[in-house]
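Be aware that the sequence shown starts at 3, since it is given in the working numbering, and climbs by one per residue.
Here a beta-carbon is modelled for each residue, glycine too, at the ideal position from N, C-alpha and C.
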Amino acid sequence: MKAVDFDPSALQSLRDRIQMPEVLEAFDRLVYFGLACQSLRCAPGGRGAAVDFRYISVDPSGWPFSFAATRGQLVFHIRPLGIRTLNLTGAALARRIEGVRGPTRSGISVVVKNRQEADAVVEHLLSHWPGNIPPVAVAMPVDSGDDRSQFRASLEQVEGACRVTGVMDRRHLRAVHIKPREACSESERVDGNNGLLLSPHLAHLFERGYITFSDEGQLLVARQLNSTVLKRWAISLPISARPFGVKQKLYLAWHRGNVFEKAEAGRRRKD
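Dropping the structure here:
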């Protein structure tokens, strides 16, 4: 499967024109992907967005914006605009976005193929932003990419493979914070002991509190995780890896108490 390059540097010049912190945060994340990978790569093919998890894994559920590379194009997932789900080029969005009223449960998906379309999208987003999210002038340094790349480099000095699958090719592994990034101090965000290299499906389970690890390296699985999921993903229990280091254990204790156990309790209440 041939990878397709997309160079996000064309969007960096737009950053100075954006005043809203939510948009700045999203653009900073995108710039990081480009700096860390030299260019975004994604595998074409299939129905819908084919995201190459070697380079990109962004969960839109926790942010108003997310980015993904799909079929060599940049895709915006913009949730709070109050527009029903669209799959349009930037130029088409520019024609359709005017006159939007009221929120909906969906968002929009905008495919930006070049700088001109990106310009058109940003101009319309800024000029038609809902009144309940007013523009605020905030200066944000482009540092999110720096600390993420620093975190990955530090993590790779501590962990060399996925502890469950044994995969060692780091192109196919995600760098996952044990104590979530949003809960970390500045030093914790870049501490390699606060991370794991995990295969994408395991990173998904770990970040949502479906799995965690004991200090001795044993995989712990939430009761609500369907056994069929484990079977289809070829996860056979019990699984034990090497014990964790002293500093890693402190972060894992936090994850077990504040992510794994809380998520499990929340799912029990819903049941």
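Cutoff 7 Å; reference residue i; Cβ partners in own chain excluding five residues on either side
i      : result
Arg276 : Residue coverage of the chain in this structure runs from 3 to 273, which leaves residue 276 outside it and unanswerable.
Asp217 : Pro245, Phe246, Lys251 and Leu254
Cys164 : Leu175, Leu199, Leu200, Ser201 and Leu204
Trp235 : His203
Gln152 : Val192
Glu190 : Lys181 and Asn196
Ser156 : Val192, Asp193 and Gly194
Arg177 : The sequence given here has Ala at residue 177, not Arg. So the list reads Phe153, Arg154, Leu157, Gly197 and Leu199, once near-sequence residues are dropped.
Lys249 : Asn195
Ile237 : Val166
Ala185 : none
Glu209 : Val178
Residues of its chain near residue i, where Cβ-Cβ distance is below 6 Å and the 5 sequence neighbours each way are ignored
i      : result
Ala265 : Gly211
Ala243 : Arg165 and Gly219
Trp256 : Lys181
Thr167 : Ser201
Ala267 : none
Chain B contact for residue i (CB, 8 Å cutoff)
i      : result
Gln226 : In summary, chain B is missing from the structure at hand, where a single protein chain is found.
Bounding residues of the beta strand (DSSP E) (the contiguous stretch that carries residue i)
i      : result
His179 : Arg176 to His179
Leu227 : Note, Leu227: premise wrong, no beta strand (DSSP E); not H, not E.
Local conformation of residue i per DSSP, three classes
i      : result
Phe215 : strand
Gln159 : coil
Arg197 : The identity of residue 197 in the sequence shown is Gly, whereas the question assumes Arg. In the structure shown, Gly197 sits in a strand (DSSP, three-state: E or B).
Ser189 : helix
Ser238 : coil
Unbroken alpha helix (DSSP H) run spanning residue i, endpoints
i      : result
Val166 : Unbroken run through Val166: none, as it is neither H nor E.
Val248 : Val248 to His257
Ala205 : Pro202 to Glu209
Residues near residue i by beta carbon distance below 8 Å, same chain, minus five either side
i      : result
Leu222 : Ile213, Thr214, Phe215, Ser216, Arg258 and Phe262
Gly162 : Met170 and Leu199
Val160 : Gly194, Asn195, Gly197, Gly247 and Gln250
Arg183 : Arg191
Leu207 : Ile213 and Leu227
Leu239 : Leu221, Val223 and Leu232
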